[in-house]
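Residue numbers (the UniProt record's numbering): 1 to 174.
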């Protein structure tokens with residue numbers, strides 16, 4: 001009986017040695033990668049900008065048909081409380097373009113032959129569908145885009161009627 005116990009003990013020892021020596025072939029260590037993004041909160045869009053309506057006022061058909069279109073109406077897009085980690089705000093304009101003309105937005109009102117033109121405050125840069133503008137965030141963590149809008153008749157064939165154009169603006173940060 002003692003011989004069986006010694007045999008069993010020797011068998012257990014051999015089995016343990018086998019497990020210890022060859023564990024690497026049965027056991028494997030694996031690394032897992034965990035990723036994510038830590039993002040800053042965006043700037044706060046002012047209430048005025050969020051519900052902005054730019055009133056171009058009453059315009060004469062003759063004025064619109066003249067070279068250059070109607071008079072410019074200034075407006076601003078204002079953001080505040082921008083995170084310190086951000087230095088610039090980018091605004092992108094999108095909307096329905098005038099047929100065959102990506103630089104002007106379509107009029108959804110009754111007047112025909114008329115489109116919306118958006119430009120910078122100096123009227124040197126025109127922003128059409130999918131165009132973007134960038135402005136720096138100031139030391140007070142605010143940003144402002146000074147822009148202008150007007151009605152224009154690219155073919156100089158404006159008719160009388162209502163004027164309404166909707167432009168979606170999207171802000172991105174860097």
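Cβ atoms here follow ideal geometry from the backbone N, Cα and C, with glycine treated the same way.
Let's test the definition: count the other Cβ atoms within 10 Å of the Cβ of residue i and tell me whether it reaches 16, buried, or not, exposed.
i	result
residue 117	buried
residue 139	exposed
residue 165	buried
residue 10	exposed
residue 64	buried
residue 99	exposed
residue 30	exposed
residue 49	buried
residue 66	exposed
residue 111	buried
residue 149	buried
residue 160	exposed
Return the first residue and the last residue of the beta strand (DSSP E) that residue i is part of.
i	result
residue 152	143-152
residue 64	Segment 61-65 is the alpha helix (DSSP H) holding residue 64; no beta strand (DSSP E) there.
Per DSSP, residue i forms a beta bridge with which residues?
i	result
residue 105	97, 116
residue 89	135, 173
residue 77	145
residue 126	119
residue 168	94
residue 44	80
The alpha helix (DSSP H) with residue i in it runs from where to where?
i	result
residue 49	47-50
*Evaluate contact between the region 117-137 and the region 86-100, counting only Cβ atoms and requiring at least three cross-stretch pairs below 8 Å.*
Touching, yes.
_Cβ contact check for the region 152-161 and the region 105-124: 3 or more pairs under 8 Å_ = Yes: at least three Cβ pairs fall under 8 Å.
_Within 8 Å, do at least three Cβ pairs link the region 98-113 to the region 34-44?_
Under the three-pair Cβ rule at 8 Å, the region 34-44 does not count as touching the region 98-113.
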